[in-house]
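Residue numbers (the numbering used here), protein chains in the order written: chain R, 1 to 411; chain U, 412 to 632.
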């Protein structure tokens with residue numbers, strides 16, 4: 001039965017070429033846009049990929065202070081994070097690093113601008129990057145403020161000649177560093193990790209010696225397991241209360257949120273507070289459905305005319321004993337076949353689009369890809385689209401009177 | 412086999428009411444081959460549609476194979492059509508997207524029959540109408556007579572007790588018409604299939620056991 005339905009679906013779609021091309025165009029373009037957006041969001045909210053340490057990490061990127069006559073919004077200082085984030089006992093690990101700074105290198109008379117990030121040794125354990133050459137600097141080197149650096153593949157290609165670079169020196173406007181490792185450029189796990197070269201945070205006294213609570217440091221907290229976030233947040237909150245007490249004469253409000261990538265994305269884009277991560281997901285699903293409504297209505301319309309063109313077939317099937325449910329199934333399957341073909345085209349178009357995005361370097365820290373997770377949801381979206389646009393026309397058609405259907409009367 | 416008691420059919424539109432059939436009393440016995448004749452608009456096709464459970468009467472009762480139809484829901488009617496009745500239409504009504512053998516298999520799709528069994532029965536039905544060599548063709552590649560033979564194969568594949576044929580030779584020349592009538596006569600004689608055929612052709616009607624004549628919706632003979 002199913003084979004028969006699929007067979008006739010393919011034949012009908014091949015015969016009605018104009019309908020098929022127009023429908024496939026609508027479906028595949030819509031789905032491509034959704035796939036690309038989902039892939040980009042997935043890369044942003046799960047840096048490092050699903051299952052990675054970074055994907056379950058929490059981040060501290062901002063401190064907000066409000067006083068009588070001033071208010072400050074800024075990244076926190078190294079001192080604050082070192083004294084109040086690093087001592088936390090609930091997480092598995094804490095890392096402190098800086099926002100990227102501009103460093104310039106002169107290569108044979110031409111100028112190369114690089115983004116330099118100061119980090120601790122734990123940073124490398126959390127972001128889990130592969131090394132093309134050498135390895136990361138470790139805690140003793142950070143403690144000793146060694147002038148060492150990990151560089152990106154792009155930096156290696158732009159600054160050095162061919163051949164191994166570990167052990168060679170890189171002279172920048174922020175200092176001269178001995179290269180200890182090279183990481184691939186194509187797979188930076190999110191904007192948190194992104195830079196062109198990374199050096200021990202102890203190399204910058206301006207960062208480590210700052211006494212204010214605000215500065216230019218960022219924190220990453222790695223929970224032992226996924227459900228630990230709340231415990232970590234409340235432990236950090238206790239530390240913050242200490243800070244609040246110390247600063248109470250100057251600021252009546254001190255907020256320093258510890259949040260997942262999804263929550264930060266939500267706060268940046270929706271200005272939401274607690275629980276805004278779920279809100280983002282709900283909003284995204286809502287927008288997706290709205291966005292799909294237009295091509296779906298178009299498909300419904302075209303499906304109705306396609307089905308009514310075949311009223312004689314409906315009449316014959318009814319005459320020979322097809323129950324209405326069997327006819328509904330038949331036409332829904334036709335639409336699902338159509339949308340799955342559209343989905344397949346959309347996957348190909350999305351791969352091409354993502355490759356173009358990756359190659360263009362619009363977001364140098366991100367490498368977008370259609371992973372299995374995205375593909376699974378894409379398949380669900382396709383099925384939803386197919387069933388949604390098929391059920392209404394199929395139901396209307398299945399109610400046709402057999403005598404009228406045989407005569408070709410559809411109204 | 413098919414019994415109609417005081418059957419009437421009225422079509423309503425927003426402005427007028429048309430009496431298509433009235434006071435029809437017919438009892439087609441098992442194994443009979445009857446024909447229905449009458450001028451255009453006299454209600455022949457309406458009568459056949461009522462016998463085939465494709466339409467419901469406005470008044471009166473219909474029994475098919477001893478079962479009163481009035482009490483049956485849409486699903487049961489569909490099942491009764493599937494099991495007991497085969498249709499042959501004037502314009503064949505084959506599905507052009509399906510091959511000849513797939514067209515013939517159609518009634519079996521709505522029964523619990525395996526794909527292999529369906530194929531076997533369809534090929535046997537095609538052999539009965541002399542089309543074993545055309546099973547992979549598509550309807551558009553066949554002549555009118557061949558199309559009608561495919562339609563007959565489709566009507567008999569499920570071995571129904573009744574075949575209802577609505578002007579089965581209306582679109583065919585005389586040679587092809589004779590071929591089709593011979594097939595129907597053979598089915599009636601050899602398999603004891605009950606056949607009711609609407610026709611305009613007196614010569615063909617003469618070959619059947621009884622002729623029901625309609626005029627203006629009423630049975631006149």
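Glycine included, each C-beta is placed from N, C-alpha and C at the ideal position.
Anticipated Cβ contact below 8 Å, residue i with residue j, distance rounded
i	j	result
residue 370 (chain R)	residue 350 (chain R)	6 Å
residue 312 (chain R)	residue 375 (chain R)	Contact doesn't hold; Cβ gap of about 40 Å is too wide.
residue 133 (chain R)	residue 251 (chain R)	The pair is not a contact, with the Cβ atoms about 47 Å apart (cut-off 8 Å).
residue 105 (chain R)	residue 170 (chain R)	7 Å
residue 214 (chain R)	residue 71 (chain R)	That belief does not hold up - the Cβ atoms of residue 214 (chain R) and residue 71 (chain R) are roughly 11 Å apart, past 8 Å.
residue 542 (chain U)	residue 560 (chain U)	5 Å
residue 505 (chain U)	residue 562 (chain U)	6 Å
residue 547 (chain U)	residue 557 (chain U)	Actually they do not touch by this definition, with Cβ atoms about 13 Å apart.
residue 314 (chain R)	residue 400 (chain R)	6 Å
residue 550 (chain U)	residue 507 (chain U)	5 Å
Residue i - DSSP class collapsed to helix/strand/coil
i	result
residue 260 (chain R)	coil
residue 393 (chain R)	helix
residue 515 (chain U)	helix
residue 626 (chain U)	strand
residue 166 (chain R)	coil
residue 137 (chain R)	coil
residue 252 (chain R)	strand
residue 599 (chain U)	helix
residue 401 (chain R)	coil
residue 474 (chain U)	strand
residue 639 (chain U)	Outside the modelled stretch of chain U, which goes from 412 to 632, sits residue 639 (chain U), for which no answer is possible.
residue 369 (chain R)	coil
residue 295 (chain R)	helix
residue 417 (chain U)	strand
residue 117 (chain R)	strand
residue 411 (chain R)	Reliability of the predicted coordinates at residue 411 (chain R) is poor, the pLDDT of 49 falling under 50, and no value is obtained from them.
residue 380 (chain R)	helix
residue 194 (chain R)	coil
residue 612 (chain U)	coil
residue 325 (chain R)	helix
Chain U contact for residue i (CB, 8 Å cutoff)
i	result
residue 1 (chain R)	yes
residue 411 (chain R)	In this prediction, residue 411 (chain R) scores a pLDDT of 49, lower than 50, which makes its location untrustworthy; the coordinate-derived value is nonetheless stated afterwards. Cβ-Cβ to chain U under 8 Å: no for residue 411 (chain R).
residue 12 (chain R)	yes
residue 305 (chain R)	no
residue 4 (chain R)	yes
residue 316 (chain R)	yes
residue 341 (chain R)	no
residue 312 (chain R)	yes
residue 289 (chain R)	no
residue 321 (chain R)	yes
residue 396 (chain R)	no
residue 15 (chain R)	yes
residue 31 (chain R)	no
residue 333 (chain R)	no
residue 223 (chain R)	no
residue 41 (chain R)	no
residue 8 (chain R)	yes
residue 402 (chain R)	yes
Contact with chain R by residue i, beta-carbon distance below 8 Å
i	result
residue 582 (chain U)	no
residue 521 (chain U)	yes
residue 626 (chain U)	no
residue 455 (chain U)	no
residue 552 (chain U)	no
residue 432 (chain U)	no
residue 458 (chain U)	no
residue 517 (chain U)	yes
Near the ligand FAD: residue i beta-carbon under 7 Å from a heavy atom
i	result
residue 172 (chain R)	In terms of ligand content, the structure shown is empty, and the ligand FAD therefore cannot be addressed.
Cβ contact check for the stretch 323–340 of chain R and the stretch 471–480 of chain U: 3 or more pairs under 8 Å | No contact exists between the stretch 323–340 of chain R and the stretch 471–480 of chain U.
For the stretch 93–110 of chain R and the stretch 208–226 of chain R, state whether three or more C-beta atom pairs, one from each stretch, are separated by less than 8 Å.
-> yes
Is there contact here, the stretch 172–187 of chain R with the stretch 146–153 of chain R, by at least three beta-carbon pairs under 8 Å?
-> The answer is yes - the stretch 146–153 of chain R touches the stretch 172–187 of chain R, with three or more Cβ pairs under 8 Å.
Meets three-Cβ-pair contact criterion under 8 Å: the stretch 441–458 of chain U and the stretch 610–625 of chain U = yes
Within the stretch 57–113 of chain R, note down every full beta strand (DSSP E) run reaching 3 residues or more, in order along the chain.
-> 58–60, 63–67, 71–74, 93–98, 101–107
Length at least 3, wholly inside the stretch 487–536 of chain U: the beta strand (DSSP E) runs in chain order | 496–499
For the stretch 335–346 of chain R and the stretch 383–401 of chain R, state whether three or more C-beta atom pairs, one from each stretch, are separated by less than 8 Å.
-> yes
Contact between the stretch 288–305 of chain R and the stretch 21–30 of chain R: three or more CB pairs below 8 Å?
-> yes
Mind listing, in chain order, the continuous beta strand (DSSP E) runs of no fewer than 3 residues lying wholly within the stretch 547–583 of chain U?
-> 573–577
Is it a yes or a no for the stretch 150–167 of chain R touching the stretch 195–209 of chain R, going by three-plus beta-carbon pairs under 8 Å?
-> yes
Spell out a yes or no on whether the stretch 31–41 of chain R and the stretch 54–61 of chain R are touching, meaning 3 or more CB-CB pairs, one atom from each, closer than 8 Å.
-> no
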